[in-house]
Structure formats: C-alpha cells, structure tokens
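For my numbering, count along the sequence shown from 1 and bump the result up by 223. The C-beta atom is built at its ideal place from N, Cα and C for all residues, glycine as well. Note that the structure is a prediction, hence the values are computed from the model and not measured. A quick write-up on the structure given underneath.
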Amino acid sequence: MSKTDAAPATPHPGMGFRQFVGYIAALMATNAIAIDSMLPALPEIGRALNIDTANHTQIVITAYLLGFGLAQIVYGTLADRFGRKPVLLVGLGIYTIASVACYFAPSLGIMIAARAIQGVGSAATRILAITIVRDCYSGRQMARVMSLAFIVFLAVPIVAPSIGQLIMLVAPWKAIFFMLFLFGAVLFIWTTIRLPETLKEENRTPISVRGITFAFGLVFRSRVTVGYMLAMTMVMGGLFGFINSAQQVFADAFGASELFTLIFALIAVFMALSSLLNSKVVGKLGMRRVSHAALLGYLTVTLIHAVVVLAGVETIWTFSILQALMMFFFGLMVSNFNAMAMEPVGHVAGTASSALGFVSTVGGALLGFGLGQLFDGTTLPLTLGFAALGIGALGWVLFAERGRLFHSSGAPARS
Numbered sequence: 224m225s226k227t228d229a230a231p232a233t234p235h236p237g238m239g240f241r242q243f244v245g246y247i248a249a250l251m252a253t254n255a256i257a258i259d260s261m262l263p264a265l266p267e268i269g270r271a272l273n274i275d276t277a278n279h280t281q282i283v284i285t286a287y288l289l290g291f292g293l294a295q296i297v298y299g300t301l302a303d304r305f306g307r308k309p310v311l312l313v314g315l316g317i318y319t320i321a322s323v324a325c326y327f328a329p330s331l332g333i334m335i336a337a338r339a340i341q342g343v344g345s346a347a348t349r350i351l352a353i354t355i356v357r358d359c360y361s362g363r364q365m366a367r368v369m370s371l372a373f374i375v376f377l378a379v380p381i382v383a384p385s386i387g388q389l390i391m392l393v394a395p396w397k398a399i400f401f402m403l404f405l406f407g408a409v410l411f412i413w414t415t416i417r418l419p420e421t422l423k424e425e426n427r428t429p430i431s432v433r434g435i436t437f438a439f440g441l442v443f444r445s446r447v448t449v450g451y452m453l454a455m456t457m458v459m460g461g462l463f464g465f466i467n468s469a470q471q472v473f474a475d476a477f478g479a480s481e482l483f484t485l486i487f488a489l490i491a492v493f494m495a496l497s498s499l500l501n502s503k504v505v506g507k508l509g510m511r512r513v514s515h516a517a518l519l520g521y522l523t524v525t526l527i528h529a530v531v532v533l534a535g536v537e538t539i540w541t542f543s544i545l546q547a548l549m550m551f552f553f554g555l556m557v558s559n560f561n562a563m564a565m566e567p568v569g570h571v572a573g574t575a576s577s578a579l580g581f582v583s584t585v586g587g588a589l590l591g592f593g594l595g596q597l598f599d600g601t602t603l604p605l606t607l608g609f610a611a612l613g614i615g616a617l618g619w620v621l622f623a624e625r626g627r628l629f630h631s632s633g634a635p636a637r638s
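Laid out in structure tokens, this is it:
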C-alpha cells in the first residue's frame with residue numbers, strides 16, 4: 224500500500240473514517256438539537272415555571288444562544304494552547320451537567336442560568352468540530368469529511384422539533400432535557416474513549432494577551448470583515464426571531480399548533496437545499512454573485528410578506544411559503560458572508576473566527592429576542608422585522624463593498 228493510500232487511516236488512530244465522520248456530524252448536531260427540540264415544549268415550560276406572558280418563554284431559547292455566542296470567543300485560543308481533546312471534554316461536560324440542571328430547574332431564573340451554561344458548553348463543539356477536521360485532513364479529503372458530516376448537520380433542524388414532540392407524547396416536557404443529557408453523555412464517553420489528541424505538541428501556542436489584542440484589532444479594522452460580520456448578524460437576527468416566535472405563530476396566529484413540527488421541518492428543508500445548492504454553484508459563480516443575489520431575493524421576499532400581511536390576506540399557507548423562500552435565500556447568504564468576512568484576516572483565522580461567531584451569534588440572539596418580544600398574536604411585527612433586518616443587512620454589505628454589489632471589494636465596477 225502506498226503512503227497516499229495509507230494517509231486517511233492515520234490522522235485519528237483508533238477511529239475509522241466512517242466513525243470519524245459520524246462523530247464530527249454528532250458534534251455539529253449538538254447545538255441545533257438543543258435549540259429546535261425545545262420549540263414544541265415552550266408553552267408547557269411557560270406553564271410549569273409560572274411565566275405569565277407567552278412571549279417571555281422565548282428567553283429559554285435566547286439564554287442558550289447568548290451563552291453559546293459568548294463562549295465562542297475563548298475556545299479557539301484554549302484549544303490551541305491545551306489541545307483539542309481536553310477542551311472539548313470540558314465543553315461536553317458543561318453541556319451534560321447543565322442539561323441535568325435544566326431538568327431539575329424549579330424556577331425561571333435557574334432555568335435561564337442553566338440554559339446559558341448549556342450554551343457555553345455547546346460552543347466548544349461548534350469551534351472544535353471544524354478544528355479537529357482541519358487537524359486531520361486538508362484539501363479534497365477535508366472537503367469530503369465536511370460534506371458528509373454536513374448532510375447530518377442539515378437534517379437535525381428538520382427532525383429535532385419532531386423529536387421533541389414525540390418525547391412529549393410519552394413523557395413530560397422535562398424528558399427533552401434528559402434526552403439532551405444522554406446525547407451529551409454519549410459524546411463525552413465517545414470522545415474520552417475514541418478520539419485521540421489531534422493537535423501536535425509542536426503546534427501548541429501559548430496564550431498571549433498582546434497577540435490576541437493585535438489579532439482582534441486587525442479584525443475590527445477591516446471594512447470588509449466588519450461589514451459582512453454585521454450583515455450576517457442582521458440575517459441571524461431574522462433566523463432567531465423566527466425560531467423564537469414560530470411555535471406561537473402556528474398556535475396563536477393560525478390556531479394550527481398540530482401543524483407546527485411538520486411545516487417547520489418543511490421550511491428547514493428549503494434552507495438545507497439552498498446550502499447544498501450553494502456548495503454546487505459558488506465555485507462557478509463566486510461568493511459575491513451568489514450571496515448578493517440571495518440578499519436581494521431575501522429582501523424582496525420579506526417586503527412581499529409585509530405587504531401580504533398589511534393587505535390582510537395572510538394565511539398559514541402564505542406565511543409558510545414565504546418563510547420557506549426566505550430561509551432558502553438565508554441558506555445562500557450566511558456561509559458566503561462568513562467566508563467573505565474571513566478573506567482579509569486569514570492570517571489570524573482562529574481569532575477572526577471566534578470574533579465572527581461571537582458578534583453574529585450574540586448580536587443575532589439579541590435582535591431575534593427583541594423581534595420575538597414584539598409578537599402580538601399576528602405575523603405583522605415578525606414580517607416587518609424581517610424586512611427591517613434585510614434592509615440593515617443590505618446596508619452593511621454596501622458598506623463592506625463601498626456601495627457596489629456583485630464584485631470584489633476594492634475592484635473597479637464592471638460595466
């Protein structure tokens with residue numbers, strides 16, 4: 224056997240290629256399952272914790288997102304210093320213990336704190352899944368691993384609400400947190416037993432406050448990075464606003480709570496399809512053409528949706544169709560926005576990735592929570608909010624590109 228043939232078996236001894244792909248997919252699924260499996264349970268959680276305003280149950284989602292976003296800023300640096308495996312085990316341990324705390328939470332305050340801590344733990348899986356793959360593979364083999372894992376990652380938002388709903392058919396809502404505990408515990412044991420340390424000893428880097436400060440300065444001085452980072456924050460705000468309000472929209476605005484998990488899954492399918500489409504066309508058309516066209520499509524759909532609601536002709540079907548289209552364009556935007564934000568700061572990629580994840584997740588969570596709190600039993604605040612965030616995203620893209628679309632920043636405009 225040649226060295227080339229043997230290469231794929233050596234980067235993670237003790238874990239075969241198929242197992243490795245499944246493991247990475249499970250790490251990537253941790254965040255989505257912790258958010259989306261909760262959605263059908265929000266009314267029950269509100270009643271159990273004596274939340275007197277339905278909109279306030281959204282804090283169960285937002286608290287998790289804030290913890291998830293805030294912690295991203297440190298995991299990359301810690302993993303570069305202490306290794307991938309110990310840092311990942313700490314994160315999974317936090318996630319698992321916090322799931323137990325959520326199960327036993329006697330009040331809203333403790334639930335919020337436990338959910339935020341659960342998000343802090345989950346952030347390790349988001350940062351380290353990609354980092355571990357990068358340690359083990361490069362080039363086409365890395366792309367192959369990520370593509371296979373991404374298939375599972377895309378499936379989780381589709382099925383997670385149904386998993387939560389199925390659990391509630393046979394057990395109280397707290398059993399969802401028991402499921403998350405089991406999920407975290409299995410990953411912790413799997414990591415302990417099967418994952419080798421993928422960071423070579425000679426590649427470990429000391430933690431330098433001066434170096435971190437310098438890297439963050441480069442990130443926030445880049446016009447392109449800041450513009451696309453804040454554009455991504457806008458559209459993430461729309462996504463989180465939808466996630467926060469979706470269950471209430473179907474139950475209160477349309478009186479069709481029984482359709483929630485089905486239609487939510489169909490909407491998630493459109494986002495998954497657009498992500499797959501992006502992987503096929505972005506190499507040929509370029510990130511700017513694809514994402515700028517998608518942004519204009521996103522904005523057009525949100526404005527049409529607002530007009531439909533203002534005209535008084537909104538139904539569950541107009542909402543579902545237009546929301547699916549909005550999520551389709553979202554899927555074509557977000558990965559490209561992230562990649563373009565990283566372009567000018569590739570030499571400080573770890574810090575830049577942490578900064579992007581921190582700003583877009585925390586900012587998006589706060590915007591999404593604010594949007595969700597405007598829910599008044601109709602879809603009007605939500606659709607107007609989508610349109611406003613779409614306009615904001617367009618503004619930040621124009622800032623990044625100095626007022627021009629569909630071409631590289633700093634390049635002359637094409638005729």
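Could you tell me how far apart the beta carbons of Ser-260 and Ile-386 are, in whole angstroms, since I believe they sit closer than 8 Å?
-> 5 Å
By a C-beta neighbour count over all protein chains shown, 10 Å radius and 16 as the cutoff for buried, is Thr-484 buried or exposed?
-> buried
Exposed or buried, which one is Asp-275 when buried takes at least 16 other CB atoms within 10 Å?
-> exposed
Quick one: complete alpha helix (DSSP H) runs, 4+ long, within the segment 365-431?
-> 398-417
So, are the CB atoms of Asn-467 and Gly-591 less than 8 Å apart?
-> yes
Which of the three DSSP states, helix, strand or coil, is assigned to Arg-444?
-> helix
With a threshold of 16 other CB atoms inside 10 Å of the CB of Asp-599, please say whether the residue is buried or exposed.
-> exposed
Taking only runs that begin and end inside the segment 566-628, name each unbroken alpha helix (DSSP H) of 4 or more residues, in chain order.
-> 572-596 and 603-623
Go ahead and label Gln-242 buried or exposed: buried means 16 or more other beta carbons lie within 10 angstroms of its beta carbon, across all protein chains shown.
-> exposed
State the DSSP-derived secondary structure class of Val-323, mapped to helix, strand or coil.
-> helix
By the 10 Å Cβ neighbour count, where 16 or more other Cβ atoms means buried, how is Gly-332 classified, buried or exposed?
-> exposed
Between the Cα of Ala-248 and the Cα atoms of Ala-352, Val-582 and Phe-305, which residue gives the shortest distance?
-> Ala-352
Opening and closing residue of the alpha helix (DSSP H) in which Met-251 lies = 240-259
Assigned exposure category for Phe-327 - 16 Cβ within 10 Å defines buried = exposed
Is the distance from the Cβ of Phe-404 to the Cβ of Ser-322 below 8 Å?
-> yes
Beta-carbon proximity of Val-472 to Thr-285, cut-off 8 Å | no
Could you check which residue in Asp-475, Gly-461, Pro-309 and Gly-554 has the C-alpha nearest to that of Gly-615?
-> Gly-461
Counted within 10 angstroms of its Cβ, other Cβ atoms place Glu-424 as buried (16 or more) or exposed | exposed
Are Met-455 and Phe-560 touching if we call contact CB-CB under 8 Å?
-> yes
For Asp-475, name the three-state secondary structure that DSSP assigns.
-> helix
Does the distance from the CB of Thr-525 to the CB of Ala-469 come in under 8 Å?
-> no
Return the residue from the list Arg-417, Met-402, Gly-595 and Glu-566 that minimises the CA-CA distance to Val-447.
-> Glu-566
Leaving out five residues before and five after Ala-294 in sequence, what residues of the same chain have Cβ atoms less than 6 Å from its Cβ?
-> Val-343 and Ala-346
Are three or more beta carbon pairs between the segment 295-313 and the segment 397-414 nearer than 8 Å?
-> yes
Three-state secondary structure (DSSP) of Asn-278 = helix
Continuous beta strand (DSSP E) assignments of at least 3 residues falling wholly in the segment 479-511 = none
Quick one: measure Cβ to Cβ for Gly-290 and Ile-340, integer angstroms, because I've assumed they're closer than 8 Å.
-> 6 Å
Phe-487 and Ala-588: beta carbons closer than 8 Å?
-> no
Can you tell which of Met-549, His-515 and Pro-604 has the C-alpha that lies nearest to the C-alpha of Met-494?
-> Met-549
Segment limits, alpha helix (DSSP H) that includes Gly-344 = 331-359
Beta-carbon proximity list for Met-452, same chain, < 7 Å, skipping 5 on both sides = Ala-564, Leu-579, Val-582 and Ser-583
If you draw a straight line from the C-alpha of Val-585 to the C-alpha of Leu-617, how long is it?
-> 20 Å
Of the residues Gly-608, His-528, Gly-299 and Arg-511, the one placed nearest Gln-546, counting alpha carbons only | His-528
Label Leu-288 either buried or exposed according to how many other C-beta atoms from any shown protein chain fall within 10 Å of its C-beta, with 16 as the threshold for buried.
-> buried
Take Thr-348 and list the residues in its own chain whose beta-carbon comes closer than 6 Å to its own, dropping the five residues that flank it on each side.
-> Leu-250 and Thr-253
Would you report the Cα separation of Thr-421 and Ser-577, rounded to the nearest angstrom?
-> 20 Å
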